[in-house]
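A.B. asks: Going left to right, the sequence shown walks through residues 69 to 610 as our numbering numbers them.
Here a beta-carbon is modelled for each residue, glycine too, at the ideal position from N, C-alpha and C.
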Amino acid sequence: MQIELGSSLPPGDPHGVSVSLPLWQDTVGWAYRDEKVLEKLNTGYPRFFVPRIVRVLAQQVVRHISKSKFANALANVQNVDDLDALLVPGKAMAVVCLKHLRTTSQDHTFGAFVIHHSGDINPLEDHVGEGGDGTSEIFAVIFRGSSSKGEPKALWQHTGYGISSRCASYWLSTAPWTKASHKPDVEMPTTMATVKAKTKLRTRIADLLCSEKQTVSSKDIWLFHTGMSAIAYSAHLVSENRQEKPGVAVFGFLYVDTFKVLSKIHGFQCTLYNASDADLDLLEADLKADPTRYKALYLEFPGNPLLASPNLTRIWKLSREYGFAVVLDDTVGTAVNLDLIAHTDIVCTSLTKMFSGACNAMGGSLALNPKSKYYSQFKSKLEAVYLDTYFPPDAVIMERNSLAFAERVQKANSNSELVVELLEGHPKVEQVYYPKGSPSQPYYDRHRREGGGYGFLLSIVFDKPASAMAFYDALEVAKGPSLGTNFTLSCAYTLLAHARELEWAAKYGVVEYLARISVGVEDPEDLLGRVRKALAAAEEAS
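In structure tokens:
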């Protein structure tokens with residue numbers, strides 16, 4: 069049985085971080101902004117789709133400013149309903165957003181303000197504090213919604229700076245100046261409970277990263293309210309500790325927003341390499357020709373969606389020889405399966421994914437390798453400017469969700485291998501991308517922990533488009549954006565992430581009709597039965 073188009077995932081959860089796109093054509097409609105599809109979406113992945121409750125709060129903020137002594141800042145606007153606001157929890161984030169919008173949409177950006185829970189308003193430039201976890205103040209960058217060329221939406225998506233749906237719900241139900249009739253659905257934890265939850269999260273993440281060769285302290289873990297904000301913050305470390313707009317190597321086909329936040333928001337000069345030995349040779353040749361060309365190298369291990377594992381040992385050796393930092397995203401591989409931090413300077417993780425598993429809370433982390441030659445440099449910078457933006461209810465829920473993280477990863481590992489075995493060799497399946505059995509498996513195994521598996525994510529290329537669409541439509545699992553959920557979740561990945569750059573993505577092997585499956589922790593026989601049924605549909609379609 070399919071979950072209805074537009075329903076939240078998990079079903080019925082107002083803070084679910086995915087949305088049901090049960091048919092391939094639904095994803096096409098989402099990707100190309102078909103109003104018939106969009107109007108049915110009650111929610112969406114929070115960075116791809118600004119939560120409706122956040123939009124309501126943004127309108128309340130705009131109206132509140134329009135009735136204040138700062139209304140003259142909006143004097144050139146005939147209708148206040150034409151305005152919108154980007155809502156973020158920190159001043160530095162607001163500064164980045166304001167600067168970017170003034171560069172790209174100067175005539176349609178009207179400044180930034182601090183909104184206090186009490187209703188007080190301050191212009192951004194007059195505000196002394198840096199912000200915080202979203203309980204007492206939020207920062208609003210005001211823009212003309214209909215004329216801003218999509219740049220505010222791109223900022224929201226690429227940076228992960230935006231406030232969460234729980235934060236918006238809290239403000240709408242408790243701030244005295246809001247006019248929306250909103251029933252409270254967020255319980256604010258005590259300060260002590262929040263501190264305990266965040267301490268447990270840092271300790272849990274540090275313990276997972278440790279190995280016999282490497283010890284990581286909870287003091288080396290930094291929490292963020294989204295995974296992308298952790299990536300964005302790593303970019304600040306790289307640029308502000310070296311040069312303003314450094315050259316950066318992007319090794320492998322990374323998650324779409326990692327590349328975009330580095331190149332588009334931070335203005336880094338990014339060079340994209342395939343996650344192959346041949347391109348690693350090319351990287352080394354480029355470094356020999358210009359030893360100071362790169363200040364950082366970003367990679368995922370393994371990559372998403374092709375699940376290739378680069379030669380991290382060689383990359384690390386090159387980084388020490390040529391003086392660039394290695395920033396690694398281990399979201400797909402997980403610290404349960406892989407021991408990676410010894411060969412990186414920074415490890416970033418989207419806690420939203422398998423660490424949470426429940427698909428109802430956002431979060432991110434940044435870990436420093438205490439043996440890195442940049443450790444003191446990066447840590448002193450973090451200690452000086454880090455701002456805890458993690459909204460307390462989100463942090464408490466994340467801590468609760470992550471209790472059985474290791475056990476869930478092991479179960480998903482096992483289920484994934486069974487699904488891969490079923491898919492491989494099927495006449496309609498052209499290729500299955502999975503770390504086990506791939507040409508790069510030796511590089512994966514080099515860092516695989518004792519007892520670790522090969523992960524929960526796999527991608528499939530079929531013999532023809534009709535087979536892919538039929539398989540997807542017939543697969544009776546949740547379907548929508550995101551990954552790392554306790555329930556199996558499939559998506560038409562390339563359409564979700566690269567619909568407007570299909571030819572470019574195809575050059576790197578990410579073809580249009582690629583189906584991705586994030587395998588969950590369900591009963592394996594039930595799951596395999598669903599996959600068999602979908603494969604039968606693929607056969608019938610062609």
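(1) DSSP beta-bridge partners for residue 499?
(2) Taking the C-alpha atoms as reference points, what is the distance between residue 99 and residue 227?
(3) Residues in the same chain with beta-carbon distance under 7 Å from residue 354, minus the five sequence neighbours each way, listed in chain order, please.
(4) Provide the residue(s) that pair with residue 199 in DSSP beta bridges, ordered along the chain.
(5) For the putative contact between residue 200 and residue 462, defined by C-beta atoms under 8 Å, what is the C-beta separation to the nearest angstrom?
(6) Is the beta carbon of residue 324 sitting closer than 7 Å to the one on residue 340?
(7) Name the DSSP bridge partner or partners of residue 211?
(8) With H, G and I counted as helix, E and B as strand and the rest as coil, what does DSSP make of residue 304?
(9) Excluding the 5 residues preceding and the 5 following residue 573 in the sequence, name in chain order all residues of the same chain whose CB lies nearer than 7 Å to its CB.
(10) Short check: CB of residue 543 to CB of residue 446, under 7 Å?
(11) Does the Cβ-Cβ distance between residue 422 and residue 552 come in under 7 Å?
(12) How many Å lie between residue 564 and residue 137 at the Cα?
(13) Please state if the CB of residue 435 and the CB of residue 393 are separated by a distance shorter than 7 Å.
(14) How should residue 591 be labelled, buried or exposed, when 16 other C-beta atoms within 10 angstroms of its C-beta is the threshold for buried?
(15) Under a Cβ-count criterion, where at least 16 other Cβ atoms within 10 Å of its own Cβ denotes burial, should residue 568 be classed as buried or exposed?
(16) For the segment 86-154, which segments carrying the alpha helix (DSSP H) assignment without a break, of at least 4 residues, lie completely within its bounds, in sequence order?
(17) Hey, how far is the Cα of residue 587 from the Cα of residue 149?
(18) Should residue 311 go down as buried or exposed, given a rule of 16 or more other Cβ atoms within 10 Å for buried?
(19) Skipping 5 residues on each side, what residues in its chain have a beta carbon closer than 7 Å to that of residue 499?
(20) Please report how far the alpha carbon of residue 70 lies from the alpha carbon of residue 545, in whole angstroms.
(21) Throw me the rounded Cβ distance for the residue 162 and residue 192 pair, which I believe falls under 8 Å.
(22) Helix or strand or just coil, what does DSSP make of residue 551?
(23) Evaluate residue 169 with the Cβ neighbour count: other Cβ atoms within 10 Å of its Cβ, from every protein chain shown; 16 or more gives buried, anything less gives exposed.
(24) Given this structure, state the Cα-to-Cα distance separating residue 517 from residue 510, to the nearest angstrom.
(25) CB-CB under 7 Å to residue 603, same chain, minus the five flanking residues each way: which ones, in chain order?
(26) Give the list of continuous alpha helix (DSSP H) stretches no shorter than 4 residues that lie fully inside the segment 311-343.
(27) Helix, strand or coil for residue 232? Go by DSSP, reduced to three states.
(28) Check whether the Cβ atoms of residue 582 and residue 502 lie closer than 7 Å to each other.
(29) Enumerate in chain order the residues of its own chain whose CB-to-CB distance from residue 577 is below 6 Å, with the five nearest sequence positions on each side excluded.
(30) Which parts of the segment 347-413 are runs of the alpha helix (DSSP H), unbroken and 4 residues or longer, counting only runs that do not cross its ends?
(31) Give the C-beta separation of residue 181 and residue 208 to the nearest angstrom, bearing in mind that I take them to be a contact with Cβ-Cβ under 8 Å.
C.D. replies: Reading off the structure:
(1) As a first step, residue 499 must be located in the sequence shown, where it is residue number 431. For residue 499, the pairing in a beta bridge is given by DSSP as 529.
(2) On the sequence shown, position 31 is the one that residue 99 refers to. On the sequence shown, position 159 is the one that residue 227 refers to. So the two alpha carbons sit approximately 20 Å from each other.
(3) Mapped onto the sequence shown, residue 354 falls at position 286. Hits under 7 Å: 361.
(4) As a position in the sequence shown, residue 199 is number 131, starting the count at 1. According to DSSP, residue 199 bridges with 158.
(5) To locate residue 200, count along the sequence shown from 1; it is residue 132. To locate residue 462, count along the sequence shown from 1; it is residue 394. Between residue 462 and residue 200 the Cβ distance is about 13 Å, and since that is not below 8 Å, they are no contact.
(6) Along the sequence shown, one-based indexing puts residue 324 at 256. Along the sequence shown, one-based indexing puts residue 340 at 272. Taking 7 Å as the Cβ cut-off, residue 324 and residue 340 do not qualify as a contacting pair.
(7) For the purposes of this step, residue 211 is identified with residue 143 of the sequence shown, where counting begins at 1. DSSP output for residue 211 lists 152 and 177 as bridge partner(s).
(8) In the sequence shown, residue 304 corresponds to position 236, counting from 1. In the structure shown, residue 304 sits in a helix (DSSP, three-state: H, G or I).
(9) Position 505 of the sequence shown holds residue 573. If we look at residue 573 and ignore the five residues flanking it on each side, its Cβ neighbours are 562 and 566.
(10) The residue given as residue 543 occupies position 475 in the sequence shown. The residue given as residue 446 occupies position 378 in the sequence shown. Their beta carbons are not under 7 Å apart, which means residue 543 does not touch residue 446 by this criterion.
(11) Reading the sequence shown from its first residue, position 354 is the one you call residue 422. Reading the sequence shown from its first residue, position 484 is the one you call residue 552. Going by C-beta atoms, residue 422 is nearer than 7 Å to residue 552.
(12) The residue given as residue 564 occupies position 496 in the sequence shown. The residue given as residue 137 occupies position 69 in the sequence shown. When rounded, the distance between both Cα atoms is 43 Å.
(13) On the sequence shown, position 325 is the one that residue 393 refers to. On the sequence shown, position 367 is the one that residue 435 refers to. No.
(14) Translated into positions along the sequence shown, residue 591 becomes position 523. Exposed, by the Cβ-count rule.
(15) As a first step, residue 568 must be located in the sequence shown, where it is residue number 500. Counting Cβ neighbours within 10 Å, residue 568 comes out exposed, since fewer than 16 surround it.
(16) 92-99, 103-106 and 120-134
(17) Locating residue 587 in the sequence shown gives position 519, where the first residue counts as 1. Locating residue 149 in the sequence shown gives position 81, where the first residue counts as 1. About 43 Å.
(18) The residue labelled residue 311 in the question sits at position 243 within the sequence shown. With a pLDDT of 49 at residue 311, under the threshold of 50, the predicted position of this residue should be treated as unreliable, though the coordinate-derived value follows. By the beta-carbon neighbour count (other beta carbons within 10 angstroms, threshold 16), residue 311 is exposed.
(19) In the sequence shown, the residue the question calls residue 499 occupies position 431. Cβ neighbours of residue 499 beyond the five flanking positions: 529.
(20) Here residue 70 refers to the residue found at position 2 of the sequence shown. Here residue 545 refers to the residue found at position 477 of the sequence shown. If I take the Cα positions, the gap works out to 7 Å.
(21) One-based indexing of the sequence shown puts residue 162 at position 94. One-based indexing of the sequence shown puts residue 192 at position 124. Right, their Cβ atoms sit about 6 Å apart.
(22) Here residue 551 is taken as the residue at index 483 of the sequence shown, counted from 1. Three-state result, residue 551: coil.
(23) By 1-based counting over the sequence shown, the position of residue 169 is 101. Counting of Cβ neighbours within 10 angstroms places residue 169 among the buried residues, the total reaching 16 or more.
(24) Taking the sequence shown and counting its residues from 1, one reaches residue 517 at position 449. Taking the sequence shown and counting its residues from 1, one reaches residue 510 at position 442. Their Cα atoms are separated by approximately 13 Å.
(25) In the sequence shown, residue 603 corresponds to position 535, counting from 1. Taken in chain order, the residues that qualify are 494, 496 and 539.
(26) 324-328
(27) For this step, residue 232 is matched to residue 164 along the sequence shown. Coil at residue 232, not helix or strand.
(28) Position 514 of the sequence shown, counted from the start, is the residue given in the question as residue 582. Position 434 of the sequence shown, counted from the start, is the residue given in the question as residue 502. It is not a contact, given that the beta carbons lie outside the stated cut-off.
(29) Locating residue 577 in the sequence shown gives position 509, where the first residue counts as 1. Closer than 6 Å at the Cβ level, and outside the excluded window around residue 577, lie 374.
(30) 380-390
(31) As a first step, residue 181 must be located in the sequence shown, where it is residue number 113. As a first step, residue 208 must be located in the sequence shown, where it is residue number 140. Contact holds; Cβ gap of about 5 Å.
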